[in-house]
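Worksheet for the structure shown next.
Residue numbers (mature numbering (1 follows the signal peptide of the UniProt record, and there is no 0)): -28 to -1, 1 to 644.
Here is the structure:
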């Protein structure tokens, strides 16, 4: 039976009106924009790439019931975000295409096309990037290895800041559950030079602060962020600079123990408690990314990008028999020149990029029983790593067809030295090659079909290196993507199917060496799935989002053949409705479903699973002239759920990390 879109719109409006008293306001049509700009390092050719590229434009982001980037990315089909340690997206893990515990090292996060992921196991600090500064977010599922290199396995997420800001300023204060308080200031400006032409300067600056007691004992969060962005163009020369700074103090409550032998169940009986009431982790990070490009003729540019990052971490893990205090400093530098050109040859229009990447990482770690003993550490680790790579990428178009070819040659030199329990020295050099290619065809009526393939590589990261043995072999993958995107009338949809086989996958095996260790799996793993991202403009005032994922990550060979890879949900679903109820009032209702998944450490699949859960979030914003009031209620069902859990190897107990139960947030702001 056919249901008219207006009847669906009326039904959704009625549901929203019944559920809500207040509503959020956005300023645009909230459509999932077609790809107009690239997530790659080429010219504006992302529409031609052979993958299910997703673009979240500014209006789409503003329409979401989201307070940070982790919340935004968790709405997408093909993406799963885990929150283990706190609110506001603190230390969130982004997982594309099902890599579970190793997701951070298999999904690359970029800021303006440049690597923002870390060299160790810690996730990139996406909480330090304010949503107000983002022009769009570009997601490339299962693609980008030749362009971006090491770690682009599940895919790449590129966060793009604004090219042209408006002359505006704003202030916001926030309060909510768990004694949460915070606020921010921001200002943006744009100056167009006199005398015509396109010479201009555009800039933004913001500071943010948030404090929360957290939703559990020993779960305090203090977050301070600063952000600056500058773009200036003078004739054929464009200069840009992006800088972020973050100070984060986070208390770590640990999991909640469930003992199957004794019947103890702290997860259900005392989810707000702490297993580790004295543990904490602090982090200070400064990132500076200057760059420039020079126009050469009408269709070519020379780009020269630099970046530098200083990350200082300190942490304390209390164990009555073996307390540990540690300090880690990581310095990262990069130089990334590239040449881009558009030209015609052999009847094809080419968008070509040729470039060279240099990444230099230096890590120093010191640990002792307590802070006062760090001058005489019980163990140390020093690492120097240099990654260099040449790459080539070309997108060729002919009428309705586009063809993509890319290749990268990577060299990694690593030196390590440790003292203490695993003392030793090591020096190693590794080479790897990455390829990608595919085809896309444009039909009439807004329908595109695409097929692509890539060979991906992941190099062992700093936390997985021990100097007493040779470095683990590079992980390699052969991945294939097939799908279609369709934009017509009231809807925009992208359907993507993928399959990948991975050799020498780098994982932590809790059953290796007695205490567990990082290893290359001797047997292949297999990942396959399908994701849908769909946005429907049911009428002028109502937009509906339906996104979902069906996937399977499994061991393809060996003793665990046919078993699920831990921490990967087979089903994910997200639905969202936005209704502009009144000119000054908008309602936003979102529902998320996360399916069951295996506990971490459960490679044998002989243990119970982490339960599935459903959560509903509601936001409402009222706006009067330049002021707005946003009220949000999250996890309306008051669901007790966990994104992460780890089982004991004896199968008698597990620890689960509870997510926040029902909570609220209120923000009051003014824009000038």
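For every residue, glycine included, the Cβ atom is placed at its ideal position computed from N, Cα and C.
These figures come from a predicted structure and were not determined experimentally.
Given that a residue counts as buried once 16 or more other Cβ atoms are within 10 Å of its Cβ, and exposed if not, what is residue i?
i, result
"residue 312", "buried"
"residue -20", "Since pLDDT at residue -20 reaches only 45, below the 50 mark, its modelled position is unreliable, and the value read off the structure follows with that caveat. By the neighbour-count rule (16 or more Cβ atoms within 10 Å), residue -20 is buried."
"residue 53", "buried"
"residue 138", "exposed"
"residue 246", "buried"
"residue 460", "exposed"
"residue 236", "exposed"
"residue 101", "buried"
"residue 87", "buried"
"residue 401", "exposed"
"residue 10", "The pLDDT assigned to residue 10 is 39, lower than 50, so where the model puts this residue is not dependable; a value taken from the coordinates is nonetheless given after this. Flag for residue 10 reads buried."
"residue 508", "buried"
"residue 266", "exposed"
"residue 343", "exposed"
"residue 390", "buried"
"residue 487", "exposed"
"residue 642", "exposed"
"residue 166", "exposed"
Give me the Cα-Cα distance between residue i and residue j, rounded to the nearest whole angstrom.
i, j, result
"residue 47", "residue 347", "46 Å"
"residue 457", "residue 625", "45 Å"
"residue 646", "residue 596", "Any answer about residue 646 is impossible in this case: the structure gives the chain only from -28 up to 644."
"residue 366", "residue 378", "6 Å"
"residue 538", "residue 282", "33 Å"
"residue -5", "residue 331", "Residue confidence for residue -5 is low, a pLDDT of 29 falling below 50, so the modelled location carries little weight and cannot support an answer."
"residue 445", "residue 404", "10 Å"
"residue 279", "residue 530", "42 Å"
"residue 7", "residue 419", "Bear in mind that a pLDDT of 30 at residue 7, under 50, signals an unreliable position, so the model cannot answer this."
"residue 481", "residue 188", "30 Å"
"residue 25", "residue 164", "33 Å"
"residue 603", "residue 325", "46 Å"
"residue 384", "residue 82", "20 Å"
"residue 249", "residue 229", "14 Å"
"residue 172", "residue 300", "41 Å"
"residue 99", "residue 557", "28 Å"
"residue 575", "residue 629", "19 Å"
"residue 623", "residue 64", "27 Å"
"residue 612", "residue 244", "11 Å"
"residue 639", "residue 146", "4 Å"
"residue 94", "residue 73", "12 Å"
"residue 637", "residue 135", "31 Å"
"residue 202", "residue 175", "4 Å"
"residue 123", "residue 112", "13 Å"
"residue 215", "residue 84", "11 Å"
"residue 292", "residue 341", "11 Å"
"residue 55", "residue 192", "15 Å"
"residue 585", "residue 310", "46 Å"
"residue 533", "residue 477", "14 Å"
What are the boundary residues of the beta strand (DSSP E) that residue i is part of?
i, result
"residue 664", "With the chain represented from -28 up to 644, any question about residue 664 goes unanswered, as that position is not in the structure."
"residue 197", "193 to 206"
"residue 240", "Where residue 240 is concerned, there is no enclosing beta strand (DSSP E), although the alpha helix (DSSP H) it sits in stretches over 238 to 241."
"residue 216", "209 to 223"
"residue 137", "It is not in any beta strand (DSSP E) - residue 137 carries neither H nor E in the DSSP assignment."
"residue 512", "Unbroken run through residue 512: none, as it is neither H nor E."
"residue 229", "228 to 231"
"residue 356", "351 to 370"
For the alpha helix (DSSP H) holding residue i, just list the boundary residues, first then last.
i, result
"residue 667", "Residue 667 lies beyond the range of the chain shown here (-28 to 644); nothing can be said about it."
"residue 30", "30 to 34"
"residue 78", "75 to 78"
"residue 382", "Counting along the chain, residue 382 falls outside any alpha helix (DSSP H), though it belongs to the beta strand (DSSP E) covering 373 to 391."
"residue 119", "117 to 120"
I believe residue i touches residue j by the beta-carbon criterion, under 8 Å. Please report the beta-carbon distance rounded to the nearest angstrom.
i, j, result
"residue 452", "residue 427", "The Cβ separation is near 11 Å, so there is no contact."
"residue 516", "residue 562", "Rounded, the Cβ-Cβ distance is 11 Å, inconsistent with contact."
"residue 181", "residue 154", "5 Å"
"residue 125", "residue 449", "6 Å"
"residue 284", "residue 256", "5 Å"
"residue 79", "residue 59", "With 8 Å as the limit, residue 79 and residue 59 do not qualify as a contact, their Cβ atoms being about 22 Å apart."
"residue 70", "residue 447", "Actually they are not in contact, since the Cβ atoms of residue 70 and residue 447 sit about 15 Å apart, beyond 8 Å."
"residue 178", "residue 157", "7 Å"
Should residue i be flagged as near chain C, meaning a C-beta pair shorter than 9 Å?
i, result
"residue 389", "Absent here is chain C; the protein component of the structure consists of one chain."
- List in chain order: all unbroken beta strand (DSSP E) runs of 3+ residues lying wholly within the region 266 to 292. 272 to 289
- Any beta strand (DSSP E) of 3 or more consecutive residues that is wholly inside the region 159 to 195: 172 to 184
- Message: Which complete beta strand (DSSP E) runs does the region 398 to 449 hold, if anything under 3 residues is left out?
- Response: 419 to 430
- Message: Ignoring anything shorter than 3 residues, give me the beta strand (DSSP E) runs that lie fully in the region 289 to 317, in order along the chain.
- Response: 296 to 317
- Task: Return the chain-ordered ranges of every alpha helix (DSSP H) run that is complete within the region 464 to 499 and spans a minimum of 4 residues.
- Result: none
- Message: At 3 residues or longer, what runs of the beta strand (DSSP E) sit wholly inside the region 561 to 629?
- Response: 585 to 596, 599 to 606, 614 to 619
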